[in-house]
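Comments concern the structure below.
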Amino acid sequence: MTTTTKHDRLETSSRGGGQAVPARSAKLPFLASANTRKLGLTVLGWTVALLIFFPIFWMVLTGFKTESAAIADPSLIFSPTLESYQAVQERAGYTRFALNSVAVAFGSTLLALLIAIPSAYSMAFLPTRRTKGTLLWMLSTKMLPPVGVLVPIYLIFRDVGLLDTRTGLIIIYTLMNLPIVVWMLYTFFKDMPKDILEAGRMDGATTFQEVCFLLLPLTLPGIASTGLLSVILSWNEAFWSLNLTSSKAAPLTAYIASFSSPEGLFWAKLSAASTMAIAPILVFGWLTQKQMVRGLTFGAVK
Amino acid sequence: MKLTRALPLATLTAAVAAASQAQAQTEITIGTVNNNDMVIMQSLTDAFEEAHPDIELDWVVLEENVLRQRMTTDIATQGGQFDVMTIGTYEVPIWAERGWLSPLDDLPAEYQVDDLLTSVRDGLSNDGTLHALPFYGESSMMYYRQDLFDEAGIEVSEQPSWEEVRDWASQLHDPEEQRAGICLRGKPGWGENMAFVSTLVNTFGGRWFDEDWQPQLDSPEWQEAIQFYVDLLNDFGPPGASSNGFNENLALFSRGSCAIWVDATSAAGKLYDPGESDVADRLGFAPAPVAKTPKGSHWLWSWALAIPATSENQEAARTFIQWATSREYIELVGDTQGWTSVPPGTRESTYANENYQEAAPFAGFVLEAMRSADPTDSTLEPSPYVGVQFVGIPEFQSIGTQVGQTVASALTGDVTVEQALQTAQRATERAMQRAGYLD
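Residue numbers (the working numbering), protein chains in the order written: chain A, 1 to 302; chain B, 1001 to 1439.
Shown next, in the form of structure tokens:
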């Protein structure tokens, strides 16, 4: 196959518009540059991915080192040991924290979806003058640093007995994720052709039927990716979980925090605990990445 | 539409209803920091529960700063989430003053309250009443590499001076061998670099505030002390000293990368443990160096167990903290974990114990340092505050950390020592004005 260099291309263009250029050679430069671009993008993609993944990789590696090896000069060569995992497991019951994380992440996501689907529906299909404003206002609640409302929330939780309960965390996480969930669902619903819903209505479907049998199945990828995002955000949330729980409802973020220390060597144990804490959500994300990507790009190429 | 509105409400109600979590009557929640001594205490849970079958222990272990924030929120809002809190000598008098902690008078005779070190007991008291029981205590001292000192023919005097230390550091500084002459704390924070810097300022004759609460950070004593500190670390310190805290220096020293290190006495046990330290058999120790005055040249800190006034399980909590700070507990740790692992710096009897003396050759130094540190008289000129390496007022956390940052920026060379101290002085003046100490 003939390769076309930059020089050729310059020549081609210098010939001017007067001379006819054979179709074949006009196509080739484009192909070559597309290939280069593709290669460049692939390299860039991999570089970015590796950069993002590196801290996680290093954490997993450190979890298998001894404490003294963990703090010594960074090295890829070491004899792996499970002693940190053993120490971590002996000191704190992983299962209890993990179960709390699962309950809280999925519970809050479910609750958020239950509230967000109807509200996104009404905003997307029955907008009023104030819909845009309401959406922006909802998002603005995310702009406040959480610590600003810590004391009021703490007092409310104390008075209604929600401190250190899963229910309390579920409520907080739901409120925390609701703006994002509503926004995402709103954009997915907006992309739905209205005619389909109208056709359903013509056939006598009620609003409930319309949502359940038409809207939800058609926007399922979007809903799934919204749900996944909400699960991941809740799973990783640390500020509220550290401040509103003590022992009974503490999720995995509190579990990790218990191995962090300014005094004494805990790097390997901290890494082991972190690896165990992110493992479930990592596997979960890996299994569902297809839905996630499909959902996030849903309606993007209309 | 009706359903759309009703659904979230119903779910919320159902979720709240499901929140009933049964609570055992004698279950006590203990908030504590993550360090070796506390991990040992946690691992001895079974021993306590066996002796007290009606009490169950529930642990919340957090990093020091997170714990401090968590506990302050809880106690200030009377949240009542904790039955036992791990707090330090800085918090105890302040919290006790506000009535947040249960007073610990009428302790039983078998607890032997007189066996507690006087300085530690005073540090944990408010108006003469104990408000927390010491779990372990520490002062500061100087560690050095005996082998390097012998090689260089250096004799360490009984009470080294900072001038001598600088001289020794210059002789032993060897960047080619990747060894720093001296390692000191540089990481900003009131409990990190400022703990050390405050003792240095004290011994150079300085103080944080004069008797009218006027900040003294632009005084010649501060200037001299900080200039000495910055020069010492820049000339003979490890690279990147401004990011080294206790942990980092411990790692450096135990790997053999420092010839001298001045820091907490609680590091001694770790440095003497051959499993954790490469220099266990080559370790020398001396009292913390002094400059113009021995007053305040070494700090006093203790992690203590206190019971918040909001706890509903006062009796059970008391039983636990008495057990965890008792002589029997120290003996239990000595027998099960080895005598270098016992929590130091709380009881005279620990230092009188032959097993401990044998396992910890540094014991005498530590005891002397703990006894001679006087938080009520730690500055050459009189000062209105209690505390050696901190100022016992609520505002100090933020003041100390802010000054710590400016000192660290002088260390990195971003600003001169003079500029740093002027900035620190202005910031401290503003903070003290806002807090109502100054007009």
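In this text, a Cβ means the ideal position worked out from N, Cα and C, and glycines have one as well. Given the structure is predicted, the values throughout are model-derived calculations rather than measurements.
What number of angstroms, rounded off, separates the C-alpha of residue i from the C-alpha of residue j?
i, j, result
"leucine 270 of chain A", "threonine 1340 of chain B", "24 Å"
"threonine 288 of chain A", "valine 1066 of chain B", "34 Å"
"glutamine 1171 of chain B", "aspartate 1235 of chain B", "11 Å"
"aspartate 1058 of chain B", "threonine 1077 of chain B", "21 Å"
"glycine 303 of chain A", "lysine 132 of chain A", "Nothing can be reported for residue 303 of chain A, as the shown portion of chain A is limited to 1 through 302."
"glutamate 1429 of chain B", "leucine 1438 of chain B", "8 Å"
"aspartate 1231 of chain B", "alanine 1259 of chain B", "17 Å"
"arginine 1145 of chain B", "glutamate 1027 of chain B", "48 Å"
"tryptophan 234 of chain A", "serine 1254 of chain B", "For the sequence presented, residue 234 of chain A should be read as serine rather than tryptophan. C-alpha separation (whole angstroms): 40 Å."
"leucine 99 of chain A", "tyrosine 255 of chain A", "12 Å"
"glutamine 1227 of chain B", "glycine 1256 of chain B", "27 Å"
"arginine 1046 of chain B", "lysine 65 of chain A", "Here residue 1046 of chain B turns out to be aspartate, not arginine, going by the sequence shown. Between aspartate 1046 of chain B and lysine 65 of chain A, the C-alpha separation is close to 29 Å."
"leucine 1305 of chain B", "leucine 136 of chain A", "48 Å"
"glycine 200 of chain A", "methionine 123 of chain A", "19 Å"
"arginine 1121 of chain B", "tyrosine 85 of chain A", "39 Å"
"glutamine 1422 of chain B", "threonine 174 of chain A", "48 Å"
"leucine 296 of chain A", "tyrosine 186 of chain A", "13 Å"
"asparagine 1244 of chain B", "tryptophan 1190 of chain B", "14 Å"
"proline 986 of chain B", "valine 1407 of chain B", "Since the first residue shown for chain B is 1001 and the last is 1439, residue 986 of chain B is missing from the structure and cannot be characterised."
"isoleucine 196 of chain A", "alanine 120 of chain A", "17 Å"
"alanine 1420 of chain B", "arginine 1166 of chain B", "23 Å"
"alanine 1109 of chain B", "threonine 1346 of chain B", "17 Å"
"glycine 1206 of chain B", "glutamine 1357 of chain B", "36 Å"
"glutamine 947 of chain B", "serine 79 of chain A", "With chain B running from 1001 to 1439 in the structure shown, residue 947 of chain B is simply not present."
"proline 55 of chain A", "valine 1092 of chain B", "39 Å"
"leucine 1107 of chain B", "valine 1113 of chain B", "7 Å"
"phenylalanine 1396 of chain B", "threonine 1325 of chain B", "28 Å"
"serine 247 of chain A", "serine 241 of chain A", "11 Å"
"glycine 1237 of chain B", "isoleucine 180 of chain A", "49 Å"
Which of helix, strand or coil does DSSP assign to residue i?
i, result
"isoleucine 1040 of chain B", "helix"
"glycine 1284 of chain B", "strand"
"asparagine 1313 of chain B", "coil"
"glutamine 1023 of chain B", "Reliability of the predicted coordinates at glutamine 1023 of chain B is poor, the pLDDT of 42 falling under 50, and the value obtained from them is presented with this limitation in mind. Reduced to three states, the DSSP call for glutamine 1023 of chain B is coil."
"proline 1238 of chain B", "coil"
"tyrosine 1437 of chain B", "coil"
"phenylalanine 239 of chain A", "helix"
"methionine 192 of chain A", "coil"
"proline 22 of chain A", "Any reading at proline 22 of chain A must be qualified, since the residue scores a pLDDT of 48, below 50, and its modelled position is unreliable; the value itself is stated next. Coil at proline 22 of chain A, not helix or strand."
"glycine 1275 of chain B", "coil"
"tryptophan 137 of chain A", "helix"
"arginine 1068 of chain B", "helix"
"isoleucine 1182 of chain B", "strand"
"leucine 233 of chain A", "helix"
"threonine 1086 of chain B", "strand"
"phenylalanine 1209 of chain B", "strand"
"leucine 1057 of chain B", "strand"
"serine 1102 of chain B", "coil"
Just to check my reading of the structure: residue i and residue j have Cβ atoms closer than 8 Å, yes? What is that Cβ distance to the nearest angstrom?
i, j, result
"methionine 192 of chain A", "leucine 215 of chain A", "7 Å"
"methionine 1194 of chain B", "glycine 1364 of chain B", "Between glycine 1364 of chain B and methionine 1194 of chain B the Cβ distance is about 28 Å, and since that is not below 8 Å, they are no contact."
"isoleucine 71 of chain A", "alanine 1180 of chain B", "In fact, because the Cβ distance is near 17 Å, the residues do not count as touching under 8 Å."
"phenylalanine 284 of chain A", "alanine 273 of chain A", "So it is not a contact: roughly 18 Å between Cβ atoms."
"phenylalanine 1285 of chain B", "tyrosine 1143 of chain B", "5 Å"
"leucine 1411 of chain B", "serine 1242 of chain B", "5 Å"
"leucine 1332 of chain B", "alanine 257 of chain A", "That belief does not hold up - the Cβ atoms of leucine 1332 of chain B and alanine 257 of chain A are roughly 28 Å apart, past 8 Å."
"threonine 109 of chain A", "serine 230 of chain A", "4 Å"
"serine 1102 of chain B", "phenylalanine 1209 of chain B", "Not quite, the Cβ-Cβ distance comes to about 31 Å (not below 8 Å), so this is no contact."
"arginine 294 of chain A", "proline 217 of chain A", "About 15 Å; that fails the 8 Å criterion."
When the cut-off is 8 Å and only beta carbons count, does residue i lie next to chain D?
i, result
"alanine 1251 of chain B", "The structure shown contains no chain D; the protein chains it does contain are A and B."
Original post:
Would you call the region 1123-1134 of chain B and the region 1267-1277 of chain B in contact, with 3 or more CB pairs under 8 Å?
Top reply: no
Original post:
Can at least three beta-carbon pairs, one atom from the region 1136-1146 of chain B and one from the region 1367-1379 of chain B, be found at a separation below 8 Å?
Top reply: They touch, by the three-pair rule.
Original post:
Name the residues in the region 1185-1212 of chain B whose C-beta lies less than 7 Å from a C-beta of chain A; which are they?
Top reply: none
**OP:** Take every Cβ of the region 1300-1311 of chain B, pair it with every Cβ of the region 1168-1186 of chain B, and state whether three or more of those distances are shorter than 8 Å.
**Re:** no
Original post:
What residues in the region 1075-1086 of chain B bring their beta carbon closer than 9 Å to a beta carbon of chain A?
Top reply: Ala1076, Thr1077, Gln1078, Gly1079, Gly1080, Gln1081, Phe1082
Subject >> Three CB pairs or more closer than 8 Å across the region 1281-1290 of chain B and the region 94-107 of chain A >> reply: Contact fails: fewer than three Cβ-Cβ distances are below 8 Å.
Original post:
Is the region 1292-1300 of chain B touching the region 1199-1206 of chain B, taking contact as three or more C-beta pairs under 8 Å?
Top reply: yes
Original post:
Is there contact here, the region 1079-1086 of chain B with the region 1027-1036 of chain B, by at least three beta-carbon pairs under 8 Å?
Top reply: yes
Subject >> the region 203-212 of chain A contacting the region 77-91 of chain A, beta-carbon criterion three pairs below 8 Å >> reply: No: the two stretches stay apart, fewer than three of their Cβ pairs being nearer than 8 Å.
Subject >> Short-range partners of chain B found in the region 174-207 of chain A, where Cβ spacing is below 8 Å >> reply: Thr207
Subject >> Under 8 Å (Cβ pairs) to chain A, residues found in the region 1034-1058 of chain B >> reply: Asn1034, Asn1035, Asn1036, Val1039, Gln1042, Ser1043, Asp1058
Subject >> Contact residues within the region 1342-1361 of chain B, judged by C-beta distance below 9 Å to chain A >> reply: none
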